[in-house]
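S.K.: Just dropping this structure here.
Numbering (UniProt numbering), first residue to last: 1 to 277.
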């Protein structure tokens, strides 16, 4: 509010607005304190599922793709923090290889995650070792778009692996092959089963996978969870415009709209539940 507008208010109105501002601030502060408490409680809760960002695929990336991967991991962490860590994040193979003794050519880019200030309030475990040496493989589920099995729910005590890398979809089945190599279960997000896919790319970026998982932990419904995807929101807006046009058209009879374009395009990113672009 401009100074002149404020001065034009009566004393009682000024006091009312001050009181409202204080109430809003206190409410926001209370929410922040509660979020901090939940973050600490959830990160310390061994029963909650673990979400592993597997950096062992760095060998297939150039420096630019490694930087993109680092950015996606940071965005993923931010999403988890906003939701009070419904899954506990862990980074493995920080050297960029499944073999901890053999770092990839761009491991220095990945190593920047070790000193990222954004992790300081709620530090997450960062390991040189591959996840296969850290967890009971019976508890592991590798999230990959190449899996036949659909992820029906997020289960307590389960370790979910996301292949954190960018390859522009150039190498097929890397995450599926990794799951087979280590003898762990694999699953894909239920995109086909939950939303009208159309031409939307079913391979999602790492951070979009995490966005969907976080939303699902809140609502328990995959169809609603996929609404967080940018392409999904764009499609919803386009469908609303289309439906509005149909309802206003005097020449259109509901049920005779086969020519209406509901093609869901616009998906250009590619990391599938485990493969980033």
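For each residue, glycine too, the CB sits at the ideal point set by N, CA and C.
Since the model is a prediction, treat every value here as computed from it, not as a measurement.
Skipping 5 residues on each side, what residues in its chain have a beta carbon closer than 6 Å to that of residue 125?
M.R.: Once the five neighbours on either side are set aside, the close Cβ partners of residue 125 are 90.
S.K.: Would you list, in sequence order, the uninterrupted alpha helix (DSSP H) runs of no fewer than 4 residues that lie entirely inside the segment 144 to 183?
M.R.: Fully enclosed alpha helix (DSSP H) runs of 4 or longer: 174 to 182.
S.K.: Just to confirm my understanding: we take residue 80, look at its own chain, exclude 5 residues before and 5 after, and list those with CB closer than 8 Å. What are they?
M.R.: Closer than 8 Å at the Cβ level, and outside the excluded window around residue 80, lie 51, 86, 87, 89, 210, 214.
S.K.: Measure from the alpha carbon of residue 138 to the alpha carbon of each residue in 216, 182, 166, 7, then state which is nearest.
M.R.: Minimum Cα distance to residue 138 is reached at 182.
S.K.: Suppose you measure from the CA of residue 12 to the CA of residue 31; what does that come to, to the nearest Å?
M.R.: So the two alpha carbons sit approximately 29 Å from each other.
S.K.: Specify the secondary structure class of residue 115 as computed by DSSP and reduced to three states.
M.R.: Here residue 115 sits in helix by DSSP.
S.K.: Is residue 95 buried or exposed, if buried means 16 or more other CB atoms sit within 10 Å of its CB?
M.R.: Buried.
S.K.: Checking the sheet assignment: what are the DSSP bridge partners for residue 14?
M.R.: DSSP lists no partner for residue 14.
S.K.: Hey, out of 22, 41, 58, whose CA is closest to residue 166's CA?
M.R.: Closest option to residue 166, Cα to Cα, is 58.
S.K.: Helix, strand or coil for residue 89 per DSSP?
M.R.: Three-state DSSP puts residue 89 in a strand.
S.K.: Taking one C-beta from the segment 108 to 120 and one from the segment 135 to 153 each time, how about it: are there three or more such pairs within less than 8 Å?
M.R.: The answer is no - the segment 135 to 153 does not touch the segment 108 to 120, with fewer than three Cβ pairs under 8 Å.
S.K.: Run the CB neighbour count on residue 220, radius 10 Å, all protein chains shown included, and call it buried at 16 or more, exposed below.
M.R.: The residue in question, residue 220, is exposed, as its Cβ has fewer than 16 Cβ neighbours within 10 Å.
S.K.: Using a 10 Å radius around the Cβ and a threshold of 16 neighbouring Cβ atoms, would you call residue 157 buried or exposed?
M.R.: Residue 157 is exposed by the Cβ-count criterion.
S.K.: Taking the straight line between their C-alpha atoms, what separation do you get for residue 5 and residue 24?
M.R.: Roughly 21 Å between the two C-alpha positions.
S.K.: When the Cα of residue 164 is compared with those of 154, 155, 175, which residue comes out closest?
M.R.: When each option's Cα is compared against that of residue 164, the closest is 175.
S.K.: Starting from residue 55, follow the beta strand (DSSP E) in both directions and report where the run begins and ends.
M.R.: No beta strand (DSSP E) holds residue 55; DSSP gives it neither H nor E.
S.K.: Whose CA, out of 3, 109, 205, lies closest to the CA of residue 70?
M.R.: Nearest of 3, 109, 205 to residue 70, Cα basis: 109.
S.K.: Please go through the same chain and pick out, in chain order, the residues whose beta-carbon is closer than 8 Å to the beta-carbon of residue 217, but skip the five residues on each side of it.
M.R.: For residue 217, where only same-chain residues beyond five positions count, the Cβ hits under 8 Å are 83, 86, 87, 154.
S.K.: The alpha helix (DSSP H) with residue 278 in it runs from where to where?
M.R.: Residue 278 falls outside the range modelled here, since the chain spans only 1 to 277, and no answer is possible.
S.K.: The alpha helix (DSSP H) spanning residue 44 covers which residue range?
M.R.: Looking at the DSSP string, residue 44 is not in any alpha helix (DSSP H), and its letter there is neither H nor E.
S.K.: Which partner residues does residue 21 have in the DSSP bridge list?
M.R.: For residue 21, which the question treats as bridged, DSSP gives no partner whatsoever.
S.K.: Run the CB neighbour count on residue 33, radius 10 Å, all protein chains shown included, and call it buried at 16 or more, exposed below.
M.R.: By the neighbour-count rule (16 or more Cβ atoms within 10 Å), residue 33 is not buried but exposed.
S.K.: Please state whether DSSP places residue 31 in a helix, a strand or coil.
M.R.: Helix, per DSSP.
S.K.: Kindly indicate which three-state DSSP category residue 203 falls into: helix, strand or coil?
M.R.: Reduced to three states, the DSSP call for residue 203 is coil.
S.K.: Grouping DSSP H, G and I as helix and E and B as strand, with all else coil, what is residue 188?
M.R.: Of the three classes helix, strand and coil, the one that applies to residue 188 here is strand, per DSSP.
S.K.: How many Å lie between residue 3 and residue 22 at the Cα?
M.R.: If you take the alpha carbons of residue 3 and residue 22, they lie about 19 Å apart.
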